[in-house]
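The structure under discussion appears below in the form of structure tokens.
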Amino acid sequence: MAEARAHTLTGTRGRLAVHEWPASHPRYVALLAHGYGEHAGRYEEVAGVLTAHGAAVYAPDHLGHGRSDGERVLIEDFEEVVTDLRAAADLARTAHPGPPLVLVGHSMGGLIAARYAQRHPGTLTALALSGPVIGDWELPRRLLALDEIPDIPIRPSALSRDPAVGASYAADPLVWHGPMKRPTLRAFVRTLETVAGGGDAGPVPLLWLHGDDDRLVPLPGSRPGVERLAGAELTTRIYPGARHEVFLETNRDEVLADLTGFLDGVLAR
1 MAEARAHTLT
11 GTRGRLAVHE
21 WPASHPRYVA
31 LLAHGYGEHA
41 GRYEEVAGVL
51 TAHGAAVYAP
61 DHLGHGRSDG
71 ERVLIEDFEE
81 VVTDLRAAAD
91 LARTAHPGPP
101 LVLVGHSMGG
111 LIAARYAQRH
121 PGTLTALALS
131 GPVIGDWELP
141 RRLLALDEIP
151 DIPIRPSALS
161 RDPAVGASYA
171 ADPLVWHGPM
181 KRPTLRAFVR
191 TLETVAGGGD
201 AGPVPLLWLH
211 GDDDRLVPLP
221 GSRPGVERLA
231 GAELTTRIYP
241 GARHEVFLET
251 NRDEVLADLT
261 GFLDGVLAR
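Residue 225 in the UniProt record's numbering is what sits at position 225 of the sequence shown, and the numbering runs on without skipping anything.
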């Protein structure tokens, strides 16, 4: 895999850091939207599979995450994050105006990706959501009902059955290990409602990947949101025993093969 490149764009609230895993003549462009509290650099393995599959890969660090500007994990309006994701897509499109664009969103990034598909119909060839925060995710409402948000970090073991994944996450200085913030929780609630009422993704084929032991974003809550978003075509892959980060799970080869196989089927049309 070619060495990653770093770009800096002007985002909605300051500097937006964008990672690029380049390809000189890609058959498609993949845009990655990472999850809450993490950063796009954690997707290097996914990017490696996608570049080997023929993609040029672009991934921003969202507002308040990674190397982008903003108070850590503070998002007051997810519409701004969707706008930033569009800026990263424009960067990719300037470099590669011809190939089709696919969007892969994980967890919070799945919510962002879903809203992107609603706001920019006709721009995507495929959409893939991994453990997406969509549908009935009750955590924000539960935390907002408390007088004080508890300082309970995500348990690394909830991410994957691979202990190395949790150890790397816990030691990563760009990962947020503190409490969730009330404005961000409110923004989650609003955006879940917006996506629920925003219509389906139209003709774009949708792939849903989820672990059935995902305790951070439980599968039953995501299902109604995914089914509302799916337009003409939905492909579902549920992995027994898998936790939240299916791209970094012990069966990651199977998951990534499902992703590239799905993309092969879409791109062959």
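All C-beta atoms, glycine included, are put in the ideal place defined by N, C-alpha and C.
*asked:* Using a Cβ distance threshold of 8 Å, determine whether the stretch 215-225 contacts the stretch 127-138, with at least three qualifying pairs required.
replied: yes
_Coarse secondary structure for Tyr36, derived from DSSP in three states_ = Taking the first residue of the sequence shown as 1, we reach residue 36 at position 36. In the structure shown, Tyr36 sits in coil (DSSP, three-state: anything other than H, G, I, E or B).
*Leaving out the 5 sequence neighbours to the left and right, which residues in its chain are closer than 6 Å to Leu31 when beta-carbon positions are compared?*
Stepping through the sequence shown from its first residue, residue 31 is reached at position 31. Around Leu31: Tyr58, Ala89, Leu103.
*With contact counted as at least three CB pairs below 8 Å, one residue from each stretch, are the stretch 18-33 and the stretch 93-103 in contact?*
yes
*How long is the line joining the alpha carbons of Ser68 and Ala128, rounded to whole angstroms?*
Translated into positions along the sequence shown, residue 68 becomes position 68. Translated into positions along the sequence shown, residue 128 becomes position 128. Computed Cα separation, rounded: 24 Å.
*Where do the ends of the beta strand (DSSP E) carrying Arg15 lie?*
Position 15 of the sequence shown holds residue 15. Counting along the chain, the beta strand (DSSP E) containing Arg15 begins and ends at 14-21.
_Please classify Leu146 as buried or exposed, where buried requires at least 16 other C-beta atoms within 10 Å of its C-beta._
Locating residue 146 in the sequence shown gives position 146, counting from the first residue. Flag for Leu146 reads exposed.
*Using 10 angstroms around the beta-carbon of Val226, count the other beta-carbons present and answer buried if the total reaches 16, otherwise exposed.*
Residue mapping note: residue 226 aligns to position 226 of the sequence shown, counting from 1. Classification of Val226: buried, given that the 10 Å Cβ count is 16 or more.
*List in chain order: all unbroken alpha helix (DSSP H) runs of 4+ residues lying wholly within the stretch 74-112.*
78-95
*Three-state class that DSSP yields for Thr235 in the structure shown*: For the purposes of this step, residue 235 is taken as the residue at position 235 of the sequence shown. Thr235: strand per DSSP, three-state reduction.
*What is the DSSP secondary structure of Ser130, counted as helix, strand or coil?*
As a first step, residue 130 must be located in the sequence shown, where it is residue number 130. Three-state DSSP puts Ser130 in a strand.
*Alpha carbon to alpha carbon, what distance is there between Val266 and Tyr169?*
Counting from 1 along the sequence shown, the entry for residue 169 is found at position 169. Counting from 1 along the sequence shown, the entry for residue 266 is found at position 266. So the two alpha carbons sit approximately 33 Å from each other.
_Using C-beta distances below 6 Å, list every residue in its chain close to Pro132, excluding the 5 sequence neighbours before and after it, in chain order._
In the sequence shown, counting from the first residue as 1, residue 132 sits at position 132. These residues qualify, in order along the chain: Gly110, Ser222.
_Going residue by residue through the stretch 163-221, where are the continuous alpha helix (DSSP H) segments of at least 4 residues, counting only ones entirely within it?_
163-171, 182-196
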